[in-house]
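Chemist: Protein chains in written order, with the working numbering: chain P, 1 to 417; chain A, 418 to 895; chain G, 896 to 1134. Positions of the beta carbon are idealized from the N, C-alpha and C atoms, including for glycine. Before anything else, here's the structure in question.
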Amino acid sequence: MSALLRELRLLARDRAALALLAVALLAAAVAVASGLAEVRQQRAQLAALADADRREREAVAAQQADWGSAAYYTFHLTGAPPSAFAFAALGLREHGPWQHRVRMLALEGQIHEPDAGQPEVAVLGRFDYAFVAATLAPLLAILLLHGLAAGERAAGRHDLLVATARSGTRLWLLRAGLRIALLAVALLLPLAVGSMLEGTAGAVALVAAALVTAHLLFWALLCRWLDRDGATPPSTQLMQGVGAWLLLAVVAPAAIAAVAERRHPLPEGAAILMAQREAVNAAWDLPKAATMQAFVARHPEWAAHAEVQRPFEWKWYFAFQQVGDEAAAPLSQAHREGRAARARTAATLAWLAPPAALERQLEALAGTDATAALAYETAVRDFHASLRQWYYPRLFRDLPYAGDELAQRPTFTPPPG
Amino acid sequence: MTAALRIARAEWGYWRHSRLLLAALAVFGLLLAAIAVLSAARIESEATRRAAQQQAAEQAFTTQPDRHPHRMVHYGHYVFRTPPPLAVFDPGIDAVAGQALFLEGHRQNSAAFAEAPSAAGVGAFGVPHPALAYQLLVPLLLIALGHAAFAREREAGTLAPLLAQGVRPGQLAAGKAIALGAAALAMLLPAAGLAVLAVAHGEAPAIAALQVLLYAGYLGLWVLAVLLLGALLPRRADVLGALLLAWLATALVLPRLAASHAVAAVPASGKIAADIALLEGLRNAGDGHNAADPAFDALRRQLLAQHGVERVEDLPVNFRGMVATIAEERLTALLNEAAERRMAQERAQSARLAAFAWASPTLATGIASRALAGTDLAAMHRFQREAEALRFEFVQGLNQVHAHALRYADDIQRSVDPEAERRTRVDASHWRLLRAFTFEPAAPAARRDNASAAGAALAAWLLALALGLRFAVARLRP
Amino acid sequence: MAPALEADALTIVRGGQPALRGVSFAVRPGEVHALLGGNGAGKSTTLLAFLGFLAPAQGSVRVEGADVGADPAHARRRIAYLPENAALYGHLDAYENLGYFLGLAGLRAGRGAIDAALDRVALAAAARTRRLEAYSKGMRQKVAIALALLRETPILLLDEPTSGLDPVAIDEFNRLLRELAGAGRSVLMVTHDVYGACQVADRIGLLRDGALVGRFEATPGARIDTEAVHAAFVARETA
């Protein structure tokens, strides 16, 4: 205990170390604050949209006189609100859509519509906590911890220190431990404040804190290893440390991404849209019975109601929309599966690059990773399917229109997490 | 000058004796070459693929069978954003912006299928491209090579004898600058290679040269910064630490901080909110599918009066086609207004970003580089505007066919009378009205202008550092 | 009673070259023992061996009869070490430096004890609250000597203890060493200062190229003859 206090007092006089710790605290605080502002803005935006969407839906409902038009003209807002930990890792919410407005037309024509952010901002990436913890913190750790023994040797104090302390190893471990602990505190304090403000689940916050700390320990061990003989000059060790950062935070993640993407090629996005468009548009030129046959083959429950008599009937219109979706389904599913496979491969390989692993883990905790994006997409697909289930009996059985039933339409529930 | 050259040679000799520095030079050289080759291959295959898709989309449209022209309005068309030649060096927004845009009647869609959301998403930098490598990584090499330039002499006690022998501090600094500058120039070779490749693919040579010059300036700025801190601080450990912190702040932190600031300062309302707001306006503009919509009463009265007839059936034009034309025009005006508002919002965010260019030369270089390459926000907006122009053009072309090539009487009967429906199918040769689309970068002068503000920030940094170095070197003491 | 320090046929290899070859000597309790030699003779190497920083290739080093290799912590507990050009923390003052290093040794000293030690090495009182980076080399040396005193270990290893000190301070330091020896503490110092060594040492070993090539001993009532040692030193050096 007295040893700890002694080293703490010594560290308290080291201006460079204090400056680095202050930089860490400031960076983490700014990242948390900007993350909080971002998720709050997203929530406010969703709430405002939900309001506008409800008003718009009511206005549309008031104008309809049949089920088909109601289904055609009504949009439904779906959105995945940010989780209570999303402030720490904005992840894919930067690039991918987390809100869609869908109607009962072919879903493939709607679900790929991005509501993406400004591209020039997206290119730079956000200053979120995951960036600070995974990318910045290792550099701060290296600056703070490199050459603890070699620095003393360069200053001519090494032998006196070790002779006086009796064991060098204990002294360097104590100093490194103290520095890494203070760095961890500087990084975790803002995270704790942010988690409290957001009401993050304690378990989530604790796991995140443990991951951040473990990541710091990795870099501390690396610094210790570079300093193992205490003889390599500190500036050389610093360059070696930054070289290791370059390898593990830049080169390795890029290689991992390249491997994951090469191993799991995706069907071209445009091909999905084309397949859907061709199928939907071809229906107008085909005999209606052909479309209904294709529809009934997949949905035999409507076989008894599949006959189309007038030149235009809504049930035929929505049937060919669904046939269009089904034409694109293999491609679309391959696209989703490819994305999931990429995420899995990347997740496995990311353990080779601790910064990438930490970033991914934080995004997983925050529900902002590819898995969460796919879960949202699945929820939208399920919701769209439930809309069809609600309208089809009314359209196919030709049930009389009852506007007040529209209030019972399914509503979207975001996926848990 | 010979003194300076001798000092530069001595510096190179020192590098040659350091395994670490030799390894760093080799690794960076290989890394840059590899990134350049991979990036060139990737972007070229993307360009070829998207150009092929564009052709396929045009062919799909023009080979559609005879049908009602309004069906073609809904059949729609795809345009693809092909990367400009200099994207091999700086793909800019390419990965995060949608590549394919579906053009159809009554709607303005957003470009879909950006790479980034489906990418494996590992690490903070994704797959590095050459521009990013130059902005972010090469300064690290210059720091590793140059941080000890003065401090090493000072610590080894050779600075005093050097100065005592009559070597002027200016000559010393010039020698070190030559040594480090040569390394920077050598590292620029892959960039120059890519610039040549871009010229071979049709880029204006002046812009390609400017791009290389921009990065020469950026690396030159780091050479000056390395020497400045090297001259000011006493120990090499201090110099290295300070340079790394400066790099961390300006290259790593500030650009992202700027991005976070930009979106917080100018919150974007998003496309869905804009769509909902539009729908209200649209209900007032009239549904172009419904010629009985009261919003078209004025048009009906005007047309009847103009042709001196009583009923729309007697008009020499198809009233439905006229309605579709007018409706599309009114709607497009509204859509364009909304689109311009959204683009203005995005430009405001970019302006917030650009303000940080004065604090971060890395950000300034990135902005200027994307502008020169034609891979910046302006290019994306240009793509959106050109696509919209094409959309409006072919939709209105089809609406004209609708108004003039088929009869109103058939048109209103086609849902109930199969014969009338057959007569509303116009000849497929009309689909050739679709104009071929190729997305080209803006004119060189426009791109140069877009890059000029960020370029000025960079020049100011260069000047300030050069003056600082002069000042520091004049006061160089052992 | 075992010798305070004992080297037995000590051979040490540094960087592939033998730095010490078969050196044997012992330091008795209460004795001031000097190792004299030119640059690169192996003086500092001998001290580092007693601290366990360098392992013998052959032979052994013992502190109070215990083998250093087996228990370097014991040796370091019993020894206060004054390195050549002792560097302390430049951004701390004398009190803070001594407080830190004593803490490192598991000791605690009040301001009074520290002042007493600094008085003994004659460090000006006004200087004691100044940061060491503003000190002259001699002043820093005095603080380092004070640290060795405050450790109150039975053995002191001193590497060129008087370098950087002015003649007055050297005289005072030599008197101090005799005092310490008189109080029963054993001192092993290495130096190339023939005059100083003769003034203060009970015995002198002359090192050359890692080998002990001469031994001189004071007799009761007479210090070692400077002329003889000097002659031996120079003869060997020029031989």
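I want to verify the contact list: residues of chain P whose CB lies under 7 Å from the CB of S677(A), in sequence order.
Modeler: S34, R126 and F127
Chemist: Anything in chain P within Cβ reach of K688(A), meaning under 7 Å, just list it in chain order.
Modeler: D115
Chemist: Which residues of chain G have a Cβ atom closer than 7 Å to the Cβ of T164(P), listed in chain order?
Modeler: F996, L999 and A1000
Chemist: Find out if the Cβ-Cβ distance for the pair V496(A), Q471(A) is shorter than 9 Å.
Modeler: yes
Chemist: Given P771(A), which residues of its chain have a CB within under 7 Å of its CB, disregarding the five upstream and five downstream residues?
Modeler: The displayed chain sequence assigns Ala, not Pro, to residue 771(A). Only I784, A870 and A871 meet the Cβ criterion.
Chemist: Mind checking the segment 186-212 of chain P against chain A and listing, in chain order, the residues whose C-beta falls within less than 9 Å of any C-beta there?
Modeler: none
Chemist: What's the gap between the Cα of R1006(G) and the Cα of R170(P)?
Modeler: 27 Å
Chemist: Assuming P190(P) and A17(P) form a contact by the criterion Cβ under 8 Å, report the distance between their Cβ atoms to the nearest whole angstrom.
Modeler: With 8 Å as the limit, P190(P) and A17(P) do not qualify as a contact, their Cβ atoms being about 19 Å apart.
Chemist: Counting only the same chain and skipping the five closest in sequence on each side, list residues whose C-beta sits under 6 Å from that of T264(P).
Modeler: First, the amino acid is wrong: residue 264(P) is His here, not Thr. Cβ within range, chain order: G338, A341 and R342.
Chemist: Let me know the secondary structure DSSP gives D53(P) once reduced to three states.
Modeler: helix
Chemist: Report the CB separation of P410(P) from L395(P) in whole angstroms; it is logged as a contact under 8 Å.
Modeler: Actually they are not in contact, since the Cβ atoms of P410(P) and L395(P) sit about 15 Å apart, beyond 8 Å.
Chemist: Would M274(P) pass as an interface residue toward chain A - the criterion being a Cβ-Cβ separation below 9 Å?
Modeler: yes
Chemist: With Q516(A) as the anchor, note down where its beta strand (DSSP E) starts and where it stops.
Modeler: No beta strand (DSSP E) holds Q516(A); DSSP gives it neither H nor E.
Chemist: Unbroken alpha helix (DSSP H) runs of length 4 or more, entirely within the segment 981-1021 of chain G: which are they?
Modeler: 989-999 and 1006-1015
Chemist: Relative to the C-alpha of N753(A), which candidate in A765(A), T779(A), F530(A) and G698(A) has its C-alpha closest?
Modeler: G698(A)
Chemist: The segment 221-253 of chain P: which residues have C-beta closer than 7 Å to a C-beta of chain G, in chain order?
Modeler: The residues in question: there are none.
Chemist: Can you tell me whether A950(G) is buried or exposed? The criterion is at least 16 other CB atoms within 10 Å of its CB, across all chains shown.
Modeler: Exposed: under 16 other Cβ atoms inside 10 Å.
Chemist: Taking all protein chains shown into account, do 16 or more other C-beta atoms lie within 10 angstroms of the C-beta of E414(A), making it buried, or fewer, making it exposed?
Modeler: In this structure chain A extends from 418 to 895, so residue 414(A) is not present and cannot be described.
Chemist: Does the structure place the segment 379-386 of chain P close enough to the segment 217-234 of chain P that three or more beta carbon pairs sit under 8 Å?
Modeler: no
Chemist: Between the alpha carbons of A982(G) and A155(P), how many angstroms are there, rounded?
Modeler: 7 Å
Chemist: Would DSSP call A685(A) helix, strand or coil?
Modeler: coil
Chemist: Just how far apart, CA to CA, sit A1134(G) and H1087(G)?
Modeler: For A1134(G), the predicted structure reports a pLDDT of 48, less than 50, and the residue's modelled location is therefore unreliable. A value from the coordinates is still provided. Taking the straight line from one Cα to the other gives about 17 Å.
Chemist: Taking the continuous alpha helix (DSSP H) assigned at P835(A), which residues delimit it?
Modeler: P835 to R840
Chemist: Does DSSP classify T164(P) as helix, strand or coil?
Modeler: helix
Chemist: Applying a beta-carbon distance threshold of less than 9 Å, which residues of chain A neighbour L92(P)?
Modeler: A533, P534 and G538
Chemist: What residue ranges within the segment 83-135 of chain P form continuous beta strand (DSSP E) runs of no fewer than 3 residues, ordered along the chain?
Modeler: 99-102
Chemist: List, in chain order, every chain P residue whose beta-carbon is nearer than 7 Å to that of F519(A).
Modeler: L273
Chemist: Less than 9 Å between the beta carbons of A608(A) and E620(A), yes or no?
Modeler: no
Chemist: Would you call the CB atoms of A648(A) and L893(A) closer than 9 Å?
Modeler: yes
Chemist: Per DSSP, which one or two residues make a beta bridge with F885(G)?
Modeler: Lying outside 896 to 1134, the shown extent of chain G, residue 885(G) is not represented and no answer is given.
Chemist: Tell me the start and end of each unbroken alpha helix (DSSP H) in the segment 148-207 of chain P that is at least 4 residues and wholly inside, in chain order.
Modeler: Segments of the alpha helix (DSSP H) lying fully in the segment 148-207 of chain P: 148-154, 158-165 and 168-198.
Chemist: Any C-beta of chain P sitting closer than 9 Å to the C-beta of E991(G)?
Modeler: yes
Chemist: Compare the beta carbon distance of H485(A) and R831(A) with 9 Å and say whether it is the shorter of the two.
Modeler: yes
Chemist: List the endpoints of the continuous alpha helix (DSSP H) containing G885(A).
Modeler: P861 to A891
Chemist: Show which residues of chain G have a CB atom less than 8 Å away from the CB atom of R179(P).
Modeler: The premise fails here: R179(P) is roughly 16 Å from chain G at the closest Cβ pair, so nothing lies under 8 Å.
Chemist: Note down, in chain order, all residues in the segment 860-879 of chain A with a beta-carbon under 7 Å from any beta-carbon belonging to chain D.
Modeler: Considering every chain present, this structure includes no chain D. Its protein chains are P, A and G.
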